[in-house]
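Numbering (the working numbering), first residue to last: 2 to 382.
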């Protein structure tokens with residue numbers, strides 16, 4: 002009997018030992034050769050093509066992503082509002098679905114920016130005079146400032162670090178730059194131009210030295226409309242530091258300017274005879290090179306530190322490296338005129354414009370970082 006008990010005890014010890022060794026082996030295998038963690042799916046980048054408007058012409062001239070990842074567009078509307086043409090302010094969500102559309106009266110708006118209080122600042126024209134408009138976050142007008150000159154239009158506006166504004170455009174046949182406080186009260190206005198010629202700036206940027214740079218058309222043969230592509234740099238008080246003609250003679254103008262990573266500048270221009278150009282200058286506005294493209298560029302943005310994105314006519318995008326060499330081009334069938342392109346927080350691009358001349362609508366295109374828009378995403382609102 003005792004022998005049997007001893008034998009059973011030995012067998013139990015052997016079984017227990019084998020179990021422990023087996024468990025240890027499994028644990029070692031899990032540590033060394035276990036399955037890899039399930040990879041986190043790459044977030045889907047939203048893309049779409051949408052149109053907005055009514056039975057009459059409507060158009061989008063400027064677009065920016067808002068802090069809620071939606072978009073704000075300004076332009077014109079003849080479909081809504083009380084006048085024959087009104088300033089249009091359109092807000093969408095991140096999918097491009099219309100949240101609201103406001104007809105603000107006046108005439109046109111060519112530039113919009115979101116302000117620190119989640120509202121918006123716009124510039125444009127009211128009865129052919131320069132106007133600056135501030136709205137709340139729902140697009141309701143809070144105040145407007147109309148410049149008391151006989152003829153003019155604001156084409157570009159920027160928000161400054163002190164929450165004031167700087168705008169540029171055309172005023173009494175001259176280029177103007179105007180600096181305001183956060184309530185739109187004018188601190189100073191400077192004009193630049195040639196007597197008896199209509200000179201216009203279409204874009205302004207606040208530079209890293211706290212000054213300003215503008216570009217546009219410098220007319221030398223008014224009223225025929227012939228003009229030259231110019232770039233003008235001022236100090237923080239708007240006093241001219243230097244001025245250069247980038248494309249002389251003929252029928253030329255520059256639409257947009259940005260300060261480059263090397264403190265020089267990039268300008269997109271439409272020219273007769275030289276083609277559609279991207280021009281690079283040094284920090285003093287001296288031309289370093291120019292590259293031509295097939296479609297008319299209207300808007301440019303820096304893409305990180307490695308190149309540029311250009312919005313061009315025919316609803317197209319051109320992506321280049323820092324030397325202006327084309328990396329890719331994309332064409333979209335939704336529109337005729339592209340007026341504004343901007344970068345988005347997911348690395349993609351947002352584009353707005355107008356689908357046609359007489360019966361056009363506002364169009365909005367959201368792409369991925371390679372300019373792609375996925376199939377079956379063109380909808381109308």
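All C-beta atoms in this analysis are idealised placements derived from N, C-alpha and C, irrespective of residue type, glycine included. No experiment lies behind these values; they were computed from the predicted model shown.
Suppose the cutoff is 7 Å on Cβ atoms and the five residues either side in sequence are ignored; what does the same chain contact list for residue i look like?
| i | result |
| --- | --- |
| residue 67 | 73 and 115 |
| residue 136 | 90, 120, 121, 142 and 143 |
Please work out which residues of its chain come closer than 8 Å, Cβ to Cβ, to residue i, disregarding the five sequence neighbours upstream and downstream, and give them in chain order.
| i | result |
| --- | --- |
| residue 32 | Low confidence applies to residue 32: its pLDDT is 41, below 50, so where it sits in the model is not reliable, and the reading given next is rough at best. Same-chain partners within the cutoff: there are none. |
| residue 99 | 53, 91, 92, 93 and 382 |
| residue 365 | 49, 50, 51, 52, 53, 61, 64, 72, 74, 93, 97, 351, 352 and 353 |
| residue 167 | 158, 159, 161, 178, 179, 180, 181, 205, 207 and 213 |
Looking only at its own chain, which residues have a Cβ that is under 6 Å from the Cβ of residue i, when we skip the five neighbours before and after it?
| i | result |
| --- | --- |
| residue 77 | 60, 86, 89 and 109 |
| residue 200 | 175, 176, 194, 219 and 220 |
| residue 203 | 156, 217 and 256 |
| residue 169 | 157, 178, 202, 205 and 215 |
Roughly how many whole angstroms lie between the Cα atoms of residue i and residue j?
| i | j | result |
| --- | --- | --- |
| residue 309 | residue 250 | 27 Å |
| residue 188 | residue 182 | 7 Å |
| residue 360 | residue 338 | 13 Å |
| residue 344 | residue 304 | 7 Å |
| residue 241 | residue 206 | 15 Å |
| residue 245 | residue 229 | 10 Å |
| residue 41 | residue 258 | Annotation note: pLDDT 42 at residue 41 (below 50); position unreliable, no value reported. |
| residue 347 | residue 45 | 10 Å |
| residue 331 | residue 272 | 22 Å |
| residue 316 | residue 299 | 11 Å |
| residue 140 | residue 289 | 42 Å |
Put residue i into one of helix, strand or coil per three-state DSSP.
| i | result |
| --- | --- |
| residue 229 | strand |
| residue 255 | strand |
| residue 294 | strand |
| residue 46 | coil |
| residue 192 | strand |
| residue 164 | coil |
| residue 238 | coil |
| residue 219 | strand |
| residue 299 | strand |
| residue 245 | strand |
| residue 87 | strand |
| residue 113 | strand |
| residue 340 | strand |
| residue 317 | strand |
| residue 187 | strand |
| residue 373 | coil |
Within the continuous beta strand (DSSP E) that includes residue i, where are the two ends?
| i | result |
| --- | --- |
| residue 346 | First-last for residue 346: undefined, no H or E at that position. |
| residue 157 | 153-160 |
| residue 268 | 266-271 |
| residue 277 | 277-282 |
| residue 126 | 121-127 |
| residue 178 | 175-181 |
| residue 202 | 201-207 |
| residue 360 | Premise fails: residue 360 is in no beta strand (DSSP E) and is neither H nor E. |
| residue 309 | 309-313 |
Opposite residue i in the DSSP bridges: which residues?
| i | result |
| --- | --- |
| residue 66 | 72 |
| residue 250 | Paired residues: none, contrary to the question. |
| residue 144 | 135 |
| residue 104 | 89 |
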